[in-house]
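Numbering (UniProt numbering), first residue to last: 1 to 433. Glycine included, each C-beta is placed from N, C-alpha and C at the ideal position.
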Ligand SMILES: CSC[C@H]1O[C@@H](n2cnc3c(O)ncnc32)[C@H](O)[C@@H]1O
Ligand SMILES: [Zn+2]
């Protein structure tokens with residue numbers, strides 16, 4: 001058994017206290033073995049955490065990792081126009097290789113900013129799974145089905161593919177890949193397909209991940225067509241439950257919050273995307289107070305425009321206060337929990353905390369920086385002051401993915417160069433078509 005010692009630093013404990021301690025990792029089992037006072041433990045290999053803070057690896061609970069190729073391609077538009085005028089036309093030109101390269105770039109960015117787990121919605125999912133396997137992170141993947149604009153045969157094939165991919169890929173990358181059934185949203189997948197396929201997904205035991213209640217504009221057509229609020233409709237077609245999490249949940253009323261809590265359905269807050277697309281302010285504190293598990297996600301790099309979960313924590317805390325008109329809402333501890341244990345809960349991974357028996361998914365933050373001085377409160381720093389670039393080491397499943405900011409899993413320069421080439425060629429193809 002090979003053991004890794006993360007030594008000399010301070011450790012963020014599950015109760016969000018900070019103590020000086022060393023962390024011993026069983027690299028073959030991918031588990032944390034012990035957290036003990038400095039000097040008590042020894043390992044075969046060592047990661048120097050002196051002057052640093054050991055935190056659980058961050059969990060990006062809603063993203064489209066391959067959309068890094070579209071970073072900065074279309075800005076300053078609301079969701080509907082952004083998708084229909086810009087994003088969907090260029091995505092129609094994406095090749096499997098583009099998706100692989102875009103996913104690699106996104107995973108490089110994630111590992112460099114301390115993210116060790118993600119939940120992704122996209123297509124050409126084999127390519128994303130291959131990139132995840134190489135990156136060494138954990139991921140919940142799936143093929144996202146859209147039926148609007150397709151004939152019945154095309155629509156059914158797309159939803160069937162979502163089921164098939166979820167069943168086939170589950171457990172890939174030595175169990176680091178799990179899967180979800182993914183209707184894109186309540187307005188982009190027709191009712192007949194939801195009524196037919198959702199029970200099949202439930203019967204197969206598949207968790208579900210979809211966009212819901214993201215913009216005001218998508219609520220009215222659902223009420224008009226189905227005579228119910230979106231989440232009443234989602235419940236009616238069988239989408240809500242303990243194995244479902246919904247991205248966004250911006251425009252939810254009190255009854256819908258109760259419904260999420262009663263069914264055990266999770267929510268993923270994506271503050272940067274909601275601000276950039278002017279989708280609205282999610283009632284995060286009300287969701288949490290109502291008993292909903294809320295994780296945190298960046299959404300894709302085309303609506304953010306980065307995949308840095310430290311940014312996301314800061315945005316969530318700031319926007320949460322504005323939404324609640326209360327400076328005590330969505331406090332520092334809350335966003336740290338959202339980005340760690342809540343995200344791990346939603347994704348079904350036994351992580352998000354530094355304690356014996358938990359997955360050995362962690363990041364070491366370098367505190368030796370002007371913007372992290374003085375150190376009155378390190379939880380405050382995580383939420384409000386730290387940046388992804390402060391991460392010194394990243395470990396997932398016991399493996400060191402980044403040591404002293406050098407990636408062990410990818411040739412970063414080569415990934416960036418290939419991604420730039422693919423992004424340029426992709427946009428040229430889209431302009432020609
Ligand atoms: C068909 S794969 C997933 C699909 O979702 C699109 N997407 C990216 N961000 C959002 C968002 O905030 N709301 C809805 N859909 C989004 C992405 O471009 C892919 O087409
Ligand atoms: Zn999304």
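beta-carbon residue i near ligand 1 non-hydrogen atom, thresh 7 Å
i           : result
residue 73  : no
residue 122 : yes
residue 300 : yes
residue 184 : yes
residue 83  : yes
residue 79  : yes
residue 162 : no
residue 187 : no
residue 67  : yes
residue 91  : yes
residue 32  : no
residue 244 : no
residue 180 : no
residue 119 : no
residue 222 : no
residue 128 : no
residue 165 : no
residue 354 : no
residue 146 : yes
Alpha carbon of residue i to alpha carbon of residue j, nearest angstrom
i           : j           : result
residue 36  : residue 50  : 15 Å
residue 346 : residue 1   : 30 Å
residue 354 : residue 379 : 14 Å
residue 158 : residue 133 : 25 Å
residue 76  : residue 344 : 32 Å
residue 97  : residue 143 : 16 Å
residue 270 : residue 42  : 40 Å
residue 287 : residue 200 : 29 Å
residue 259 : residue 316 : 23 Å
residue 165 : residue 236 : 25 Å
residue 88  : residue 239 : 25 Å
residue 126 : residue 39  : 44 Å
residue 24  : residue 284 : 35 Å
residue 435 : residue 229 : Residue 435 is absent from the model: the chain starts at 1 and stops at 433.
residue 74  : residue 86  : 6 Å
residue 386 : residue 371 : 8 Å
residue 419 : residue 101 : 6 Å
residue 421 : residue 302 : 17 Å
residue 62  : residue 275 : 16 Å
residue 360 : residue 15  : 18 Å
residue 58  : residue 195 : 35 Å
residue 13  : residue 366 : 17 Å
residue 391 : residue 160 : 40 Å
residue 148 : residue 393 : 44 Å
Check: residue i C-beta below 7 Å from any heavy atom of ligand 2
i           : result
residue 49  : no
residue 102 : no
residue 212 : no
residue 204 : no
residue 247 : yes
residue 371 : no
residue 64  : yes
Residues sharing a beta bridge with residue i, DSSP
i           : result
residue 245 : 209, 266
residue 388 : Beta-bridge pairing links residue 388 to no other residue.
residue 181 : 208
residue 371 : DSSP output for residue 371 lists no bridge partner at all.
residue 237 : Answer is none; residue 237 lacks a bridge partner.
residue 145 : 183
residue 193 : Looking at the DSSP assignment, residue 193 forms no beta bridge with any residue, so it has no partner.
residue 394 : 363, 402
residue 114 : BP columns for residue 114 are empty, so no partner.
residue 4   : 25, 45
residue 139 : 118, 177
residue 36  : 22
residue 60  : 118
residue 31  : 26, 359
residue 10  : 20, 53
Beta-carbon spacing of residue i, residue j below 8 Å
i           : j           : result
residue 248 : residue 214 : yes
residue 167 : residue 204 : yes
residue 179 : residue 206 : yes
residue 169 : residue 181 : no
residue 310 : residue 113 : yes
residue 5   : residue 22  : yes
residue 95  : residue 146 : no
residue 130 : residue 107 : no
residue 401 : residue 111 : yes
residue 90  : residue 430 : yes
residue 332 : residue 298 : no
residue 403 : residue 69  : no
Minimum Cβ-Cβ distance from residue i to chain C less than 8 Å
i           : result
residue 321 : No chain C appears in this structure, which consists of one protein chain only.
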